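Report on one structure; see the data block that follows.
Number of protein chains: 2
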Amino acid sequence: MSSFKQIVELIADDLTAVEAKLTEQTASEYSFVDMAVQHVVEGGGKRLRPILVVLSAKVCGYEGSDAHTLAAVVELIHVASLVHDDVLDEAAIRRGRETLQTKWGNKVAVLVGDYLHARVLSMLVARRADDPAMAILADTTQAMCEGEVIHAYKSGDFDISENEYLKIISFKTGKLIAASCTLGAHLGTTDKQQLEALTTYGQQIGTAFQIVDDVLDFTEDADKLGKNAFGDLREGKLTFPIIYARSVCNDAEKQTLEKVLNPNTDEAEAIAFVESLFQQYGVETHCLKAAQGYANRAKAALAVLPATPARRALEQLADYVVARES
Amino acid sequence: MSSFKQIVELIADDLTAVEAKLTEQTASEYSFVDMAVQHVVEGGGKRLRPILVVLSAKVCGYEGSDAHTLAAVVELIHVASLVHDDVLDEAAIRRGRETLQTKWGNKVAVLVGDYLHARVLSMLVARRADDPAMAILADTTQAMCEGEVIHAYKSGDFDISENEYLKIISFKTGKLIAASCTLGAHLGTTDKQQLEALTTYGQQIGTAFQIVDDVLDFTEDADKLGKNAFGDLREGKLTFPIIYARSVCNDAEKQTLEKVLNPNTDEAEAIAFVESLFQQYGVETHCLKAAQGYANRAKAALAVLPATPARRALEQLADYVVARES
Chain L
-8 MSSFKQIVEL IADDLTAVEA KLTEQTASEY SFVDMAVQHV VEGGGKRLRP
42 ILVVLSAKVC GYEGSDAHTL AAVVELIHVA SLVHDDVLDE AAIRRGRETL
92 QTKWGNKVAV LVGDYLHARV LSMLVARRAD DPAMAILADT TQAMCEGEVI
142 HAYKSGDFDI SENEYLKIIS FKTGKLIAAS CTLGAHLGTT DKQQLEALTT
192 YGQQIGTAFQ IVDDVLDFTE DADKLGKNAF GDLREGKLTF PIIYARSVCN
242 DAEKQTLEKV LNPNTDEAEA IAFVESLFQQ YGVETHCLKA AQGYANRAKA
292 ALAVLPATPA RRALEQLADY VVARES
Chain Z
-8 MSSFKQIVEL IADDLTAVEA KLTEQTASEY SFVDMAVQHV VEGGGKRLRP
42 ILVVLSAKVC GYEGSDAHTL AAVVELIHVA SLVHDDVLDE AAIRRGRETL
92 QTKWGNKVAV LVGDYLHARV LSMLVARRAD DPAMAILADT TQAMCEGEVI
142 HAYKSGDFDI SENEYLKIIS FKTGKLIAAS CTLGAHLGTT DKQQLEALTT
192 YGQQIGTAFQ IVDDVLDFTE DADKLGKNAF GDLREGKLTF PIIYARSVCN
242 DAEKQTLEKV LNPNTDEAEA IAFVESLFQQ YGVETHCLKA AQGYANRAKA
292 ALAVLPATPA RRALEQLADY VVARES
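Order-wise, the sequence lines are chains L and Z. Position 144 of the first sequence, counted from 1, bears residue number 135 in the working numbering, the numbering being contiguous throughout. Position 76 of the second sequence, counted from 1, bears residue number 67 in the working numbering, the numbering being contiguous throughout.
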């Protein structure tokens, strides 16, 4: 059994409860809204963020149902961001399913994303007033938007450095993954060291996760990925592998690279060039090594926590984030 | 001096404070985000919702700065919804200014809308935990999205009834206008009758406001409107005047109406037909009379409140909503 399956098995009952919350908390009196929301929520994915909430709560000694609510909250924020991403990337499929805008048009898709955010607010309001979740998530959603705006704004800008990019992805992806861990931890502990350990863990695997995502866009079959391969490249989006390749290649290659990032270039030609460049400079290996570095720092941060099955699962999850194939 | 100018003058200091809050509360560490947000926030408009918060607070005896924060909150929710509307209507101009997607593309526009929602959440989190604003606004933003999704989904559906449409606009437009009044009122009173009076007032002028908006799309110069006239029609959006016209015209006219709602029809032809139909059946007069009915019910609801300058201003505002020319 893969390590990911083992983790899922360890918290199977919790994950079932999270799925129930997801359905229950997004219900609308309008059946069309219900249908559209269910389409994206069931589209699912790995439920990485809910898993992190549940495990972070457990490793800090909490076992109650509040973890399921917060797990549903972070997943809905994540799904809402994917829905908006798909609109703007004009993606036709996501995880092998038609996207909302393919089925019902852009307008419905943007509004369903907004609706999910509104439901998140309702869910947070319904919780006890003194808990830190709302403030954490207010900061998180703001940072996610800032990261996304800046990434969109910089699209096609060749001079983005690795550090700038790492900051953008820490906002876009890392913040919500870190928040998942922090929120779970808050349920079980007020110990500052433990809270910080889980936040650091989340930040580090968040960065690892995004770097691997960037790599998968170049190396995976479209089938496995459930979306178009080389999608980032064809939108002119600079990602970690491209930024690294650009930093090590020669001037002539740099110029060709700029050319193939233009969506008007012939696609087969663009892909062939990038593949040969990646081969030549060992780009995939470099990126995966970098990702593993983040995963290792994530695992190291867990040292202050009790050595429970939940902690072991978090450690395995950090390695899984790097080793996964889709 | 117009009644609207008189109202604005009565609360000029409050409105200055609201503008300051709007700038201060949307600041980002990224200068590009700042610039994009300022572009839409300064694009302004009448600040109807902030005016309602301030006047509703005053009529209930509240004069403090919390009204400015809540006024900024409702205005940002409103601006965020306009930004998303513009993306999806592919609008090039709004209130005479270029829209975000014209300046920086769709992606930036959708994300700036999301960013504004995130800032709203931050502003609400920073308030005292026991106030009802968050719950009211959670309900409101959810209803806004539902109304918008359903309106988008029903776009081109000819069989929408006047009652269905009135429910959609009470969600899309009415809820936030009503919430503006309710939030202001809560600052000054816990009296149930007063709170309900202001909520009813807001719901009624919200409906009046949307009906007049629908009419203006057909009757106003594009210049005054600051956007393309007949825009709703050309998108196949059924609005109040069209739904009324369809309910009174003959079968042949109904068929032609369906045809001109198709964006592929020649634009001049479509406009000419709709104008003649409106003339023949007195559509504009009928709609404005309906809107005035809502405004009158709004004013009547205020009877339980003390007869102060703030109440007088709210009464004037109800008439202004119907009489305005843009």
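Note that beta-carbon positions come from the ideal geometry of N, C-alpha and C, so glycine has one too. Predicted model, so just to flag it, every value in this text is computed and none were measured.
Let me make sure I understand the geometry here. Which of the options has the alpha-carbon closest to that of residue i?
| i | options | result |
| --- | --- | --- |
| Z/LEU67 | Z/THR17, Z/THR90, Z/ALA83 and Z/ALA27 | Z/THR17 |
| L/VAL111 | L/PHE200, L/LEU1, L/GLU249 and L/ALA129 | L/ALA129 |
| L/VAL203 | L/THR230, L/LEU296 and L/GLU81 | L/THR230 |
| L/THR173 | L/SER19, L/GLY147, L/ASP122 and L/ARG118 | L/ASP122 |
| Z/HIS108 | Z/LEU73, Z/GLN92 and Z/GLU81 | Z/LEU73 |
| L/THR283 | L/TYR272, L/ILE(-2) and L/GLU306 | The sequence as given places Gln at residue 283 of chain L; Thr does not occur at that position. Closest by alpha carbon: L/GLU306. |
| Z/CYS136 | L/ASP80, L/SER317 and L/GLU20 | L/GLU20 |
| L/ALA11 | L/GLY36, L/LYS37, L/LEU43 and L/SER56 | L/SER56 |
| Z/GLY197 | Z/GLY87, Z/ALA291, Z/VAL(-1) and Z/ALA286 | Z/ALA286 |
| Z/ASP80 | Z/ILE160, Z/ALA3, Z/ARG225 and Z/ILE127 | Z/ARG225 |
| Z/PHE209 | Z/ASP223, Z/PHE200, Z/ALA199 and Z/GLN201 | Z/ASP223 |
| Z/ALA289 | Z/GLN270, Z/THR7 and Z/LEU43 | Z/LEU43 |
| Z/VAL99 | Z/ALA71, Z/GLN270, Z/PHE162 and Z/GLY87 | Z/ALA71 |
| L/HIS69 | L/TYR53, L/SER171 and L/ALA309 | L/SER171 |
| L/GLY87 | L/ALA304, L/GLY34 and L/PRO254 | L/GLY34 |
Quick check on residue i - is its C-beta less than 9 Å from some C-beta in chain L?
| i | result |
| --- | --- |
| Z/LEU174 | no |
| Z/ALA129 | yes |
| Z/ASN97 | yes |
| Z/ALA27 | yes |
| Z/VAL251 | no |
| Z/ALA314 | no |
| Z/GLY227 | no |
| Z/ASP105 | yes |
| Z/VAL24 | yes |
| Z/ALA265 | A quick correction: the sequence has Val, not Ala, at residue 265 of chain Z. False, the Cβ-Cβ gap to chain L never drops below 9 Å. |
| Z/VAL32 | no |
| Z/LEU224 | no |
Should residue i and residue j be called a contact, given that it needs their Cβ atoms to be closer than 9 Å?
| i | j | result |
| --- | --- | --- |
| Z/LYS49 | Z/ALA298 | no |
| L/LEU167 | L/THR131 | yes |
| L/PHE(-5) | L/TYR311 | yes |
| L/THR14 | L/VAL32 | yes |
| Z/GLU249 | Z/PHE149 | yes |
| L/VAL24 | Z/ILE141 | yes |
| Z/PHE264 | Z/VAL251 | yes |
| L/SER113 | L/GLY227 | no |
| L/SER321 | L/GLY175 | With chain L running from -8 to 317 in the structure shown, residue 321 of chain L is simply not present. |
| Z/ASP182 | Z/CYS278 | no |
| Z/GLY52 | Z/GLY179 | yes |
Between the alpha carbons of residue i and residue j, how many angstroms are there, rounded?
| i | j | result |
| --- | --- | --- |
| L/ILE151 | L/ALA236 | 13 Å |
| L/LEU268 | L/ASP5 | 45 Å |
| Z/GLY104 | L/LYS94 | 23 Å |
| L/ALA62 | L/LEU39 | 10 Å |
| L/ILE84 | Z/GLN184 | 52 Å |
| L/VAL78 | L/LEU1 | 36 Å |
| Z/VAL64 | L/GLU260 | 50 Å |
| L/GLN246 | Z/ALA124 | 54 Å |
| Z/GLY138 | L/CYS240 | 52 Å |
| Z/ALA281 | Z/ALA188 | 21 Å |
| Z/GLN29 | Z/LEU91 | 11 Å |
| L/ALA169 | L/HIS177 | 12 Å |
| L/VAL295 | Z/ALA143 | 52 Å |
| Z/SER238 | Z/PRO41 | 36 Å |
| L/MET26 | Z/GLY96 | 29 Å |
| L/ALA126 | L/TYR272 | 44 Å |
| Z/ARG315 | Z/GLN195 | 16 Å |
| Z/ALA8 | L/ALA291 | 49 Å |
| L/ASP242 | L/GLU258 | 22 Å |
Are the C-beta atoms of residue i and some chain Z residue less than 9 Å apart?
| i | result |
| --- | --- |
| L/ASP150 | no |
| L/ASP204 | no |
| L/ALA126 | yes |
| L/LEU279 | no |
| L/VAL295 | no |
| L/LEU102 | yes |
Closest Cβ-Cβ distance between residue i and chain B: below 9 Å?
| i | result |
| --- | --- |
| L/VAL(-1) | Given the protein chain composition of this structure (L and Z), no chain B is represented. |
Residues of the stretch 107 to 124 of chain Z with Cβ closer than 7 Å to any Cβ of chain L, in chain order: HIS108, ALA109, ARG110, LEU112, SER113, VAL116, ALA120 and ASP121
Proximal residues, the stretch 62 to 83 of chain Z versus chain L, C-beta separation under 7 Å: HIS75, VAL78 and LEU79
Contact residues within the stretch 133 to 148 of chain Z, judged by C-beta distance below 7 Å to chain L: GLN133, CYS136, GLU137, GLU139, VAL140, ILE141, ALA143 and TYR144
Members of the stretch 6 to 22 of chain Z near chain L, C-beta cut-off 8 Å: SER19, GLU20 and TYR21
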